[in-house]
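Chemist: This is the structure, below, for whatever I ask next.
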Amino acid sequence: MLPDGMPGCVNNECGMLNCKPTEICEVTPGGGAICKDISCTQDVQCPASQYCNGTICVDDACVPGTTTCTGNELYACNANGAGTTAQFTCGSTSYYMSVCTDPGMGDASCPCEDDWDCPPDTACEVGQCVGTGKPATCTLPPVPFSQVLPKKEIQWGGTGVTPNNVAVNAPFAGSAQVSMTPLVVNLDDDNGDGLINELDFPEIVFTTYHSTLADEDGVVRAIHGGGPNKGKDYFANAGTNVWHEGDPLNKAWVNTQGIANSTGSLAAGDLDNDGVPEIVMPTEVVSGVSTGGVAILDNKGDIIVQSAVNQLPSAGYNVPAITLANVDGKGFAEIIVGRFVFTLGKDPVTNKLVFVDRFAGTLTVNGNNGQGAISCVANLVGDNKQEIVAGSTVYRFPTPPAGVEKRADCAAGDMSAFCLGQLEVVWDAQAVNGAAKVPNTQREGFCAVADILGADEAAAPGPGNAPDGKPEVILVSRGYLAIYNGETGTQRRFTNLNAGDNGGAPNVDDFDGDGFPEIGTAFGTRYMMIDLQATAASCPAWPTAISDAAANTNPARAPGAACTTDAECSAGAVCNTAKGACVCLHNGWMRITEDDSSRVTASSVFDFNGDGAAEVIYNDECWFRIYDGTTSEVLFKEHSPSRTRTENPVIADVDNDGNAEIVFCSNNDSSSCSVGYNYPNGIAVWGDTSDTWVPARRIWNQHAYHVTNVLESGAIPPLEPENWKTYNGREYNTYRSNPRSFGVAPDLQVSGIQMSSPDAACGQLSTKLDITVEIRNDGDVRVGPGVVVAFYGEWMNGTPNEALYADAAQTPLTAVLGTSLEPGQSILVTVSYDAMNNSPGTLPEKVRVVVDAANQERECIEDNNTLEAMVAPGEVQPDLRIDVGVASDGSCPSPTVSATVYNDGSAPASNILVRFYAGDPNQGGTPVHEETIAGPLDPGQSVMLTSKMSNFPPNLLVLIYAIVDPQNTVQECNDGNNKDEANGKVVCGIN
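For the sequence shown, the positions run 1 to 991 when full-length UniProt numbering is used.
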């Protein structure tokens, strides 16, 4: 009864209600209060900002996915927001200090330079350790390589000999012959975050020549390895005439404009620590004009600086290879060519790189082997600085006098090595061992550095004499294999390989899966895998080189059969647990090849199928071959003619799809090949179409590549970790190879489906649908662009049950992922559907979504790729949308960007978070600002923001993105329209 004594209704108040423990009092929009049921048994029954504690829904204790530091331990908020869980402890065993760092935006991390700085079972991505810190659970057993043979993904260049040897649809097309080691490195920013790193698609960099001029007029080129322009040209440098992407393909040029040594080896890396890689090339040798020098290109192919002519001797440097390293452990990286070191600085006016000084080794040993020179850099003596290996001589960079930074600062008459421009000799193998052991003809040679001997260096390495954590210098020298103690230069092996003169640059890796490194090299008539482990009765030597057409007449090896332990194998054999099979400790072999021209080509090795034994990739004058590293079986063979120089194929993830690819060169300007040379010339990329090959790094930056010499971002480490050491359980004891990965796989799932009609309010449906799906990778390795998502419909009574069509022509409705998807990440994909495209003419009763519909990914779980949802109007909900306008640099260093947030739904929304990013958040873009719209924002209303980016990266050209409701705290009918990008990039504070 009301106060006036008349009967009537009175709104309930919470104090008047006696809600149950599984209920909560809630005030209704029209007034009054009700007891709302909040009971639950699982999180999905609760709002996005709450979790189920087993009985009722309660507010999240933390924002899911955010991270914090407790000491040096990284904690992450659980996916349901119920609390935090320790992930792993930060700490690097290399020279980099990794300490848990918390900027305060829920994005604490363990910083890193590369994987070797991260805890086990994590990886370094863009300077942060990511992963669970727990052993991979999404794994697959190895597949025999014969079942996953390569297919060509890219062919750049000509289709055959004259007149078909010009590059097809390429600039400066007449220069299309390639006979050098290609590079793989990221050169441009693909995701708009202003950074060039491993989140972008790599480029392939190489040099071409025209006619038969294999020493001069070289054109330096880059093509895209992945992304929407995969295989297309990025730039072409013909000296001062540079073609850039977007220029007409028929831009005029003269074939003598190129200035690169056309078959010398390039190198790439960030020389000046500005986050942008440079490309270093040896310049051409022109008789009577120049014996060669060095030039530096920027990441777009333009010349930054070129050295003076005659910087290299006329002898021993006909096909020089560039090596990059920070030899003094400070400042900019140095450029090493044979026994010469070029130092760099910045012009104080232009802020561009300039050459400062040139230092030379005082001995005449250069590091060539008939062609070259090729040098190696490593910390051999344990002083945290790099030594330079040039043949059988090791140098160090001299220490400058106090107060001296460059030679021009030296006092008159200063006779120190630095002021004289001389490298200091650490050891000279001939002086250490005598001319009888190191004759003049074997002072030169191609090098590698790895730990291949045990503590007893005179004895064969093996289970009782394992590698001792100390480096050896390995030389292939005029037909000999020479091995020296890395610290002292004492000779430990000097073997005539009886394969003729010269020999290619050595590879070091575990070819056969026995847990010990072997050496690979090529000669004029054979490829050799040199196994230093001892032979045994069951594992004899193979003295006969095997031809492709003949049966193997060498004595049989009998290591044993299937195994789980070494004890199950024959004497002289061990168990390869990755393969579950016994393998001999000694598996040396030789294969007949054809290289009558240079006789110094190199190879690459990589364990493509993750079975513990590496495959060998080699290209001679006629064939591109892949050998089984254990048995020498020819697994794959393809015509690929070459005049041959010092080149080798390279292995890298060129398209950022989570699988390795092979990149190699070919040329057909000479008749070197005995079986013909009317085959394509240029650059070819081969991969596995079933995506079974294991992951590889997204970089290969120089001929003397050995993993730890370069970060995956392209940076040159100031203090390079020694490649023969173990870091947090990771091993990199290889040379001219990439790290191993054993059987990790992706696991793609459709984790959610939303449906709404673009021409109807939330809670209503028309004959049109916007279908938004969340695609998640719950595996342990990234998947690349190109994954297909397909959409199907089922009508009343199951008839019809068919693909949804995108148009009246009945094109199946699909979406294709345009970016890589890292482990643990998800992405929203939206497609539009019109019911008139299918014969019923009405919306289906059910929608089914299938990810990886083309079955191109090999996943650890294949039966969870499908999700179904009923087509229903849904609830009355908001539908937030953001439209980002123009970014302005007027307020730099914190630029402003305009954005409008709309509510296209049928219910109001409050406390709306808007987060801005530098770069696409789906490709690793970083948060730079956020603000909250208090609301309520009613249906049909909009709010305009003019936001100042509070944490904007300086000196970077950035495309700003924004997401409204990035943490999904507002329940919407369509989350697929919550992201947008600015109309143009912006840069603040450029120097």
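The beta-carbon is built from N, C-alpha and C at its ideal position, and this holds for glycine as well. Everything numeric in this text was worked out from a predicted model, so none of it was measured.
1) Starting from residue 420, trace the alpha helix (DSSP H) both ways and give me its first and last residue.
2) Quick check: what's the CA-CA separation for residue 89 versus residue 379?
3) Please state the DSSP three-state secondary structure of residue 733.
4) Taking 7 Å as the cut-off, decide whether the C-beta atoms of residue 394 and residue 386 are in contact.
5) Sort 266, 195, 292 by Cα distance to residue 273 and report the nearest one.
6) Give me the Cα-Cα distance between residue 31 and residue 47, rounded to the nearest whole angstrom.
7) Just to confirm before moving on: does the CB-CB distance between residue 647 and residue 181 stay below 7 Å?
8) Could you tell me the alpha carbon to alpha carbon distance between residue 908 and residue 26, rounded to whole angstroms?
9) Have a look at the DSSP bridge pairing and note the partners of residue 687.
10) Taking the alpha-carbon of residue 525 as reference, which of 516, 510, 352, 499 has the nearest alpha-carbon?
11) Given this structure, state the Cα-to-Cα distance separating residue 42 from residue 868, to the nearest angstrom.
12) Tell me whether residue 44 sits in a helix, a strand or coil according to DSSP, three-state version.
13) Can residue 473 and residue 484 be called in contact, C-beta distance under 7 Å?
14) Using DSSP with H/G/I as helix, E/B as strand and the rest coil, what is residue 309?
15) Go ahead and pull the three-state DSSP assignment for residue 1011.
16) Using the Cβ count rule (16 or more neighbours within 10 Å means buried), how would you classify residue 124?
17) What residue from 921, 807, 950, 914 has the CA that sits closest to residue 969's CA?
18) Pick helix, strand or coil for residue 15, following the three-state DSSP scheme.
19) What would DSSP say about residue 1007, mapped onto helix, strand or coil?
20) Can you have a look at residue 13 and say buried or exposed, based on whether 16 or more other CB atoms are within 10 angstroms of its CB?
21) Ignoring anything shorter than 3 residues or poking outside the stretch 623 to 676, list the beta strand (DSSP E) runs there in chain order.
22) Can you list, in chain order, the stretches of the alpha helix (DSSP H) that have 4 or more residues and sit fully within the stretch 155 to 230?
23) Considering only C-alpha positions, which residue in the set 417, 307, 412 is nearest to residue 360?
24) Mapping DSSP to helix, strand and coil, what is residue 528?
25) For residue 575, which beta-bridge partners are listed by DSSP?
26) Between 777, 151, 859, 751, which lies nearest to residue 822 when the distance is taken from Cα to Cα?
27) Which whole-angstrom value is the C-beta distance of residue 865 and residue 851, which I expect to be below 8 Å?
28) Under the rule that 16 or more other beta-carbon atoms within 10 Å means buried, what is residue 847, buried or exposed?
29) Quick check on the burial criterion: 16 or more other C-beta atoms within 10 angstroms. Buried or exposed for residue 328?
30) Whole angstroms is fine: what's the gap from residue 353's alpha carbon to residue 719's?
31) Could you tell me whether any non-hydrogen atom of the ligand ADP is closer than 6 Å to the CB of residue 18?
32) Helix, strand or coil: how does DSSP classify residue 991 here?
33) Give me whichever residues DSSP pairs with residue 463 in a beta bridge.
34) Take every Cβ of the stretch 917 to 936, pair it with every Cβ of the stretch 882 to 890, and state whether three or more of those distances are shorter than 8 Å.
35) What separation, rounded to the nearest whole angstrom, lies between the Cα atoms of residue 686 and residue 680?
36) Taking 7 Å as the threshold (C-beta atoms), are residue 129 and residue 1031 in contact?
Modeler: According to the structure shown:
1) In the sequence shown, counting from the first residue as 1, residue 420 sits at position 420. Residue range 417 to 420 is occupied by the alpha helix (DSSP H) that includes residue 420.
2) Looking up residue 89 in the sequence shown gives position 89. Looking up residue 379 in the sequence shown gives position 379. Distance between the alpha carbons of residue 89 and residue 379 is about 28 Å.
3) Along the sequence shown, one-based indexing puts residue 733 at 733. Assigned with DSSP and collapsed to three states, residue 733 falls in coil, not helix or strand.
4) In the sequence shown, counting from the first residue as 1, residue 394 sits at position 394. In the sequence shown, counting from the first residue as 1, residue 386 sits at position 386. Against a cut-off of 7 Å, the Cβ pair of residue 386 and residue 394 comes out as no contact.
5) Your numbering for residue 273 matches position 273 in the sequence shown. Comparing Cα positions, the closest option is 195.
6) Residue 31 sits at position 31 when you count from the first residue of the sequence shown. Residue 47 sits at position 47 when you count from the first residue of the sequence shown. When rounded, the distance between both Cα atoms is 22 Å.
7) Taking the first residue of the sequence shown as position 1, residue 647 is located at position 647. Taking the first residue of the sequence shown as position 1, residue 181 is located at position 181. Taking 7 Å as the cut-off, the Cβ atoms of residue 647 and residue 181 count as close.
8) Numbered from 1 along the sequence shown, position 908 holds the residue referred to as residue 908. Numbered from 1 along the sequence shown, position 26 holds the residue referred to as residue 26. Answer to the nearest angstrom: the Cα atoms are 17 Å apart.
9) Working through the sequence shown from its first residue, we reach residue 687 at position 687. For residue 687, which the question treats as bridged, DSSP gives the partners 151.
10) Translated into the one-based positions of the sequence shown, residue 525 becomes position 525. Nearest option by C-alpha distance: 499.
11) Stepping through the sequence shown from its first residue, residue 42 is reached at position 42. Stepping through the sequence shown from its first residue, residue 868 is reached at position 868. Computed Cα separation, rounded: 20 Å.
12) Residue mapping note: residue 44 aligns to position 44 of the sequence shown, counting from 1. Here DSSP, grouped into helix, strand and coil, assigns residue 44 to helix.
13) Indexing the sequence shown from 1 puts residue 473 at position 473. Indexing the sequence shown from 1 puts residue 484 at position 484. Taking 7 Å as the Cβ cut-off, residue 473 and residue 484 qualify as a contacting pair.
14) Within the sequence shown, residue 309 is the residue found at index 309, counting from 1. Residue 309 falls in the coil class under three-state DSSP.
15) One cannot answer for residue 1011 here, as it falls past the ends of the chain, which runs 1 to 991.
16) Stepping through the sequence shown from its first residue, residue 124 is reached at position 124. Residue 124 sits buried, since 16 or more C-beta atoms from the chains shown fall within 10 Å of its C-beta.
17) Here residue 969 refers to the residue found at position 969 when the sequence shown is read from its first residue. Per the Cα distances, 914.
18) Position 15 of the sequence shown holds residue 15. Residue 15: helix per DSSP, three-state reduction.
19) Lying outside 1 to 991, the shown extent of the chain, residue 1007 is not represented and no answer is given.
20) Numbered from its first residue, the sequence shown carries residue 13 at position 13. With fewer than 16 other Cβ atoms from the protein chains shown falling within 10 Å of its own Cβ, residue 13 counts as exposed.
21) For the stretch 623 to 676, whole beta strand (DSSP E) runs of length 3 or above, ordered along the chain, are 623 to 628, 634 to 639, 650 to 652, 661 to 666.
22) Along the length of the stretch 155 to 230, whole alpha helix (DSSP H) runs at least 4 residues long do not occur.
23) As a working mapping, residue 360 is identified with position 360 in the sequence shown. Ranking the options by Cα distance to residue 360, first place goes to 417.
24) Start at 1 with the first residue of the sequence shown, and residue 528 comes out as number 528. Here residue 528 carries a strand assignment [DSSP, helix/strand/coil].
25) Start at 1 with the first residue of the sequence shown, and residue 575 comes out as number 575. Looking at the DSSP assignment, residue 575 forms a beta bridge with 582.
26) Taking the sequence shown and counting its residues from 1, one reaches residue 822 at position 822. Among 777, 151, 859, 751, the Cα nearest to that of residue 822 belongs to 777.
27) Here residue 865 refers to the residue found at position 865 when the sequence shown is read from its first residue. Here residue 851 refers to the residue found at position 851 when the sequence shown is read from its first residue. About 5 Å separates the Cβ atoms of residue 865 and residue 851, confirming a contact at the 8 Å cut-off.
28) Within the sequence shown, residue 847 is the residue found at index 847, counting from 1. Flag for residue 847 reads buried.
29) Residue 328 sits at position 328 when you count from the first residue of the sequence shown. Residue 328 is buried by the Cβ-count criterion.
30) Translated into positions along the sequence shown, residue 353 becomes position 353. Translated into positions along the sequence shown, residue 719 becomes position 719. Distance between the alpha carbons of residue 353 and residue 719: 21 Å.
31) Of ligands this structure carries none, so the ligand ADP is not represented either.
32) Along the sequence shown, read from residue 1 onward, the residue named residue 991 stands at position 991. Below a pLDDT of 50, predicted positions are generally treated as unreliable, and residue 991, at 42, falls in that range; the measurement from the model is reported next regardless. Note: residue 991 maps to coil in three-state DSSP.
33) Counted from its first residue, the sequence shown places residue 463 at position 463. Under DSSP, residue 463 forms no beta bridge with any residue.
34) Segments in contact, no.
35) On the sequence shown, residue 686 is found 686 positions in, with the first residue counted as 1. On the sequence shown, residue 680 is found 680 positions in, with the first residue counted as 1. Cα to Cα, residue 686 sits roughly 14 Å from residue 680.
36) Here the chain has residues from 1 to 991 only, and residue 1031 is not among them.
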